[in-house]
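Quick notes on the structure that follows.
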Amino acid sequence: MYFKLNIIVCMGLLASFFSTSCSLKGNPPSKPEMVEMRINHFRQTAVGEGPYLVYLIQEEEDIGNENWTYLYDRIEGFNYEPGYVYDLKVRKINIDNPPADGSSLKYILVNVMSKEKVPEDESFDIHLKAFGYTFVWESNDEMTLLNEYLIACNDLCGKLSSDLQKEEEVTGTFIHGPEETLILQTIY
């Protein structure tokens, strides 16, 4: 009787060991995916763990349509310059067990396939106040977009400052200026 009981206990322990050892292996590391990506000529404001400037991107079959999605992550090895539309080949890697405040994806530049300058009069809209955040910082009689891009607002500076104080949402229409300056054209 003890012999049968010992065999049953041993079988149970072996089954438990093998099921545990299989689960310790985990999933195999995810393989990087090569994707083509288009980066728009300006970055948009957004909110993550605070205010951000994000890339506007299109991937694979979405390249060339009018819809752009936000990319909060950086692309390792990519040196972005405003005023250019980029077509890139990137390695997209799924991160197993990402940090709670981090992305589950990592992007690494493989190749810049093209870099095309947009026309100087190409206008674009940027949210200057939205989602409960003001993205324009004023200091020493200058306005910047999240302290990264100088805003040349010329005769619209007073209106912009006033609208940022009074309105819940403010959007500016811009063109690219010299040395990564944003030239404000209109406010709405």
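Using UniProt numbering, read the sequence shown as starting at 1 and increasing by one per residue.
All C-beta atoms, glycine included, are put in the ideal place defined by N, C-alpha and C.
### Message
Let's test the definition: count the other Cβ atoms within 10 Å of the Cβ of residue 38 and tell me whether it reaches 16, buried, or not, exposed.
### Response
Start at 1 with the first residue of the sequence shown, and residue 38 comes out as number 38. Looking at its Cβ environment, which holds 16 or more other Cβ atoms inside 10 Å, residue 38 is buried.
### Task
Determine the extent of the beta strand (DSSP E) in which residue 150 is found, giving its start and end residues.
The residue labelled residue 150 in the question sits at position 150 within the sequence shown. First-last of the beta strand (DSSP E) with residue 150: 149-152.
### Query
If you count every other CB in all the chains shown that lies within 10 Å of the CB of residue 31, and 16 or more means buried, which is it?
Translated into positions along the sequence shown, residue 31 becomes position 31. Looking at its Cβ environment, which holds fewer than 16 other Cβ atoms inside 10 Å, residue 31 is exposed.
### Task
Please say whether residue 78 and residue 194 have beta carbons closer to each other than 8 angstroms?
A query on residue 194 cannot be resolved here, the shown segment of the chain reaching from 1 to 188 and no further.
### Query
Does any residue of chain C bring its CB to less than 8 angstroms from the CB of residue 112?
Protein chains in the displayed structure number just one, and chain C is not present.
#### Entry: Range of the contiguous alpha helix (DSSP H) that encloses residue 162
Indexing the sequence shown from 1 puts residue 162 at position 162. 157-166 is the span of the alpha helix (DSSP H), which, as asked, contains residue 162.
#### Entry: Test item: CB-CB of residue 131 and residue 47 under 8 angstroms
Here residue 131 corresponds to residue number 131 of the sequence shown, with the count starting at 1. Here residue 47 corresponds to residue number 47 of the sequence shown, with the count starting at 1. A contact, by the Cβ cut-off of 8 angstroms.
### Query
Pick from 172, 65, 150, 60: whose alpha carbon is nearest that of residue 159?
Taking the sequence shown and counting its residues from 1, one reaches residue 159 at position 159. If we check each option's Cα against that of residue 159, 172 comes out closest.
### Distance, residue 161 Cα to residue 105 Cα
Along the sequence shown, read from residue 1 onward, the residue named residue 105 stands at position 105. Along the sequence shown, read from residue 1 onward, the residue named residue 161 stands at position 161. For residue 105 and residue 161, the distance between alpha carbons rounds to 38 angstroms.
### Task
Look at the Cβ atom of residue 149, then the Cβ atom of residue 182, and state whether they are nearer than 8 angstroms.
Position 149 of the sequence shown holds residue 149. Position 182 of the sequence shown holds residue 182. Yes; because the gap between Cβ atoms is below 8 angstroms, this pair is in contact.
### Query
CB-CB under 7 angstroms to residue 140, same chain, minus the five flanking residues each way: which ones, in chain order?
Residue 140 sits at position 140 when you count from the first residue of the sequence shown. Cβ within range, chain order: n/a, list empty.
### Query
So what does DSSP say about residue 178, is it helix, strand or coil?
By 1-based counting over the sequence shown, the position of residue 178 is 178. Three-state result, residue 178: helix.
### Query
Count the other CB atoms within 10 Å of the CB of residue 143; is the residue buried (16 or more) or exposed (fewer)?
For the purposes of this step, residue 143 is taken as the residue at position 143 of the sequence shown. Burial is judged here by how many other beta carbons sit within 10 angstroms of a residue's own beta carbon; residue 143 has at least 16 and is buried.
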